[in-house]
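Asks: In full-length UniProt numbering, the protein residues as written are 1 to 644.
Virtual Cβ for every residue (Gly too), placed ideally from N, Cα, C.
It should be emphasised that the depicted structure is a prediction, and the values quoted were computed from it without experimental measurement.
Just dropping this structure here.
Right under this line is the structure:
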């Protein structure tokens with residue numbers, strides 16, 4: 001099979017300092033907004049799903065069994081049942097808005113959602129859609145100050161939250177005067193809740209009352225809605241569906257205004273590349289994929305909320321679509337390699353033969369399956385993610401080419417890599433079915449067009465040979481309206497012609513696919529004048545199975561780079577034990593501290609990183625020359641990371 005050409009340049013669109021405009025090669029005549037004219041909003045999207053899948057499974061979760069102290073199998077709710085709960089909860093929200101908040105607005109006011117992905121998140125979101133309200137997601141990674149800023153900035157009167165977030169909201173309620181109601185997704189009267197939940201419901205309610213806050217649980221609001229029903233108030237395509245706050249490394253979060261047109265445009269762009277089926281079962285980690293799955297009336301299973309248990313949840317659910325992120329897939333890759341190509345004896349030898357044969361087949365365009373090796377080895381590996389996955393979707397950050405190719409043949413399925421930003425509903429480019437090469441992010445989804453603009457300070461030009469290079473800019477129905485209450489930042493991001501300037505540097509390869517190679521803003525210069533992009537270097541090193549996290553640093557007074565590295569204990573501990581003849585066990589924090597401070601371990605680790613640098617073709621000045629090994633992972637909680 002011939003590899004696809006991803007994009008074509010529109011004639012007569014080149015301008016000085018930029019390439020021509022590129023569009024999807026299968027649909028270059030126009031930018032696709034809707035594949036079905038009647039589906040123009042997220043409301044239409046869900047109503048269509050109810051129509052075609054009324055009695056089919058919609059969403060599921062794993063309930064906690066208080067007797068056995070274990071999580072049970074997935075419990076499902078049908079589209080009909082979910083719709084009834086959406087009506088009840090949405091009516092309850094409207095009643096609270098009218099009676100408690102005394103809100104002068106009947107539509108387009110903000111509802112905060114502060115929780116992990118779970119069924120109540122979905123129901124709240126669909127309720128907001130049905131009554132033309134604005135969803136504001138508040139993420140775990142945001143610290144208390146950012147949470148306070150978002151609730152005040154978006155003027156959120158009602159926050160729907162997991163019980164473990166409620167104490168922090170009540171504690172800071174005096175700093176958030178607009179917030180009048182908190183709704184707990186967990187049962188506040190539960191005397192024996194799931195782990196991490198709060199048992200003191202009555203205490204919390206009394207505390208909230210003292211702060212002028214009405215605290216209810218989810219079921220109470222549904223009952224209110226049943227008692228005081230409200231008819232739907234469907235949105236128009238140009239209405240705001242959500243404000244999605246993105247936090248930079250400095251300053252306050254920015255609220256991206258995303259309309260129903262944005263979501264539907266992105267969904268249709270995706271669906272022309274990767275259509276969902278009604279019988280699909282998605283293990284969902286991304287909101288855009290939810291929209292795509294719902295558009296087909298398919299089913300969604302939610303993980304328990306703990307990433308450490310994610311693989312167990314996937315094995316239980318047996319999904320057909322698995323959206324994920326590079327960090328998780330890279331760790332899965334490292335563990336699979338430990339059990340296959342790095343395994344001792346005959347198992348390792350057979351695995352290396354199998355991987356080599358399948359990678360050769362993949363590169364030759366013969367697909368990712370192999371009758372002999374799948375039966376001997378890879379069919380067992382597929383069970384790690386349930387055995388039925390036909391599509392893995394990855395995005396949000398680059399993934400190592402060798403990781404991508406290995407997982408394609410290990411799981412014998414398509415892996416689509418996408419590129420985008422919150423400001424464009426994560427829908428700028430996407431790879432296609434049966435892709436056999438890595439190192440690129442595909443071509444424009446049919447709802448977008450793309451061009452590259454010169455970055456002279458970094459020596460990237462649209463006239464570069466053999467391929468044009470520059471800042472990737474895109475426009476189309478999925479591009480956001482702007483930042484909430486921030487015209488200055490909006491003008492910095494979207495120009496007068498509607499082009500979103502991504503800040504990422506790319507080139508266009510011979511197949512019209514885009515390859516992200518640099519970041520415009522995150523650069524510094526070393527003393528010998530070379531510009532360095534630390535993100536690119538960090539992404540190269542993190543492909544090592546020994547590295548969990550890495551921070552690369554340099555400045556203009558030095559001629560080399562240094563790094564702080566957090567080893568992955570699961571692979572690092574046995575590696576270091578073998579190196580210096582120790583017997584440290586996993587979980588032994590003092591033992592791990594001894595290993596990371598051992599000078600022989602540090603020297604060998606740096607040698608390993610030098611090998612990684614060679615394999616990933618880092619230039620000499622991009623190679624780290626000195627390291628500090630840390631046994632403590634970077635996190636927001638220990639103030640090493642910002643919320644981003």
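1) If I measure Cβ to Cβ from residue 138 and keep anything under 7 Å in the same chain, skipping five residues before and after, which residues do I get?
2) Just mark residue 70 as buried or exposed, buried being the case when its beta carbon has 16 or more other beta carbons within 10 Å.
3) To the nearest angstrom, how far is it from the Cα of residue 455 to the Cα of residue 416?
4) For the candidate residues 423, 229, 471, 509, whose alpha-carbon lies nearest to that of residue 88?
5) Measure the C-alpha to C-alpha separation of residue 50 and residue 106 and round it to an integer number of angstroms.
6) Alpha carbon to alpha carbon, what distance is there between residue 444 and residue 571?
7) Suppose the cutoff is 7 Å on Cβ atoms and the five residues either side in sequence are ignored; what does the same chain contact list for residue 507 look like?
8) Do residue 447 and residue 275 have their C-beta atoms within less than 8 Å of each other?
9) Return no unless some Cβ of chain D is closer than 8 Å to the Cβ of residue 617.
10) For the region 348–367 and the region 386–393, state whether three or more C-beta atom pairs, one from each stretch, are separated by less than 8 Å.
11) Give the list of continuous beta strand (DSSP E) stretches no shorter than 3 residues that lie fully inside the region 142–203.
12) Tell me the DSSP secondary structure of residue 385 in three-state form.
13) Report yes or no: do the region 574–582 and the region 553–566 share at least 3 C-beta pairs separated by less than 8 Å?
14) Check whether the Cβ atoms of residue 343 and residue 351 sit closer than 8 Å, and answer yes or no.
15) In terms of residue numbering, what span does the alpha helix (DSSP H) encompassing residue 357 cover?
16) What do you get for residue 645, buried or exposed, if any count of 16 or more other CB atoms within 10 angstroms of its CB means buried?
17) Alpha carbons only, please: which of 157, 64, 258, 40 is nearest the one belonging to residue 478?
18) In chain order, what residues of the same chain lie with their CB nearer than 6 Å to the CB of residue 232, ignoring the 5 residues before and after it?
19) Give me the Cα-Cα distance between residue 45 and residue 425, rounded to the nearest whole angstrom.
20) Return the Cβ separation of residue 505 and residue 458 in integer angstroms, given the expectation that the two are a contact with Cβ distance under 8 Å.
21) Which residue comes first and which comes last in the beta strand (DSSP E) that contains residue 8?
22) Enumerate, from N- to C-terminal direction, the unbroken beta strand (DSSP E) stretches of 3 or more residues contained entirely within the region 246–274.
23) Residue 128 lies in the alpha helix (DSSP H); which residues open and close that run?
24) Helix, strand or coil: which one does DSSP assign to residue 287?
25) What is the DSSP secondary structure of residue 14, counted as helix, strand or coil?
26) Work out the CA separation of residue 144 and residue 201 for me, nearest whole Å.
27) Starting from residue 603, trace the beta strand (DSSP E) both ways and give me its first and last residue.
28) Determine the closest residue to residue 338 out of 627, 544, 603, 38, with distance taken between C-alpha atoms.
29) What residue does the beta strand (DSSP E) around residue 629 start on, and which one ends it?
30) Could you check whether residue 399 and residue 413 sit closer than 8 Å to each other, using their CB atoms as the reference points?
31) Beta strand (DSSP E) containing residue 508: first to last residue?
32) Just grab the DSSP bridge partners of residue 444 for me.
33) Would you list the residues sitting across from residue 61 in a DSSP beta bridge?
34) Expressed to the nearest angstrom, what Euclidean distance is found between the alpha-carbon atoms of residue 161 and residue 575?
35) With residue 170 and residue 213 assumed to form a contact (beta carbons below 8 Å), what rounded beta-carbon distance in angstroms separates them?
36) Count the C-beta pairs between the region 597–614 and the region 623–639 that are closer than 8 Å, then say yes if the count reaches three, no if not.
Replies: Result, derived from the coordinates:
1) Excluding its 5 nearest sequence neighbours in each direction, residue 138 has C-beta neighbours in its own chain below 7 Å: 112, 113, 114, 147, 150, listed in chain order.
2) It counts as exposed.
3) Residue 455 and residue 416 have their C-alpha atoms some 29 Å from each other.
4) With distances taken between Cα atoms, residue 88 lies closest to 229.
5) Taking C-alpha positions only, residue 50 is separated from residue 106 by approximately 25 Å.
6) Separation of residue 571 and residue 444 (C-alpha to C-alpha, rounded to the nearest whole angstrom) is 38 Å.
7) Residues 467, 468, 469, 515, 517 of the same chain have their beta carbon placed closer than 7 Å to that of residue 507, with the five preceding and five following residues left out of the count.
8) Cβ atoms of residue 447 and residue 275: not closer than 8 Å.
9) Absence of chain D from the displayed structure is noted, only one protein chain being present.
10) Under the 8 Å Cβ criterion, the region 348–367 does not count as touching the region 386–393, having fewer than three qualifying pairs.
11) The region 142–203 contains these whole beta strand (DSSP E) runs: 158–161, 181–184.
12) In the three-state reduction of the DSSP assignment, residue 385 falls in the helix class.
13) Judged by Cβ distances under 8 Å, the region 574–582 makes no contact with the region 553–566, as fewer than three pairs qualify.
14) Yes.
15) Membership of residue 357 in the alpha helix (DSSP H) is indicated by the continuous run 345–363.
16) Coverage of the chain is limited to positions 1 through 644, which leaves residue 645 absent and any answer about it impossible.
17) The option with the nearest alpha carbon to residue 478 is 258.
18) These residues qualify, in order along the chain: 130.
19) Going from the Cα of residue 45 to the Cα of residue 425 covers about 16 Å.
20) About 7 Å separates the two Cβ atoms, so the contact holds.
21) Under the DSSP assignment, residue 8 falls in the beta strand (DSSP E) whose first and last residues are 7–9.
22) Complete beta strand (DSSP E) runs here, min 3: 254–259.
23) Annotation for residue 128: the continuous alpha helix (DSSP H) segment containing it runs 119–130.
24) In this structure, residue 287 counts as helix in the three-state DSSP scheme.
25) Of the three classes helix, strand and coil, the one that applies to residue 14 here is coil, per DSSP.
26) When rounded, the distance between both Cα atoms is 22 Å.
27) Premise fails: residue 603 lies in the alpha helix (DSSP H), 599–615, not in any beta strand (DSSP E).
28) The candidate whose alpha carbon is nearest that of residue 338 is 544.
29) Secondary structure note for residue 629: its beta strand (DSSP E) is the uninterrupted segment 624–629.
30) Residue 399 is positioned such that its CB atom lies no closer than 8 Å to that of residue 413.
31) Per DSSP, residue 508 belongs to the beta strand (DSSP E) from 500–508.
32) Its beta-bridge partners are 429.
33) Beta-bridge pairing links residue 61 to 75.
34) When only Cα atoms are considered, residue 161 and residue 575 end up about 42 Å apart.
35) That pair is a contact at about 6 Å.
36) Yes: at least three Cβ pairs fall under 8 Å.
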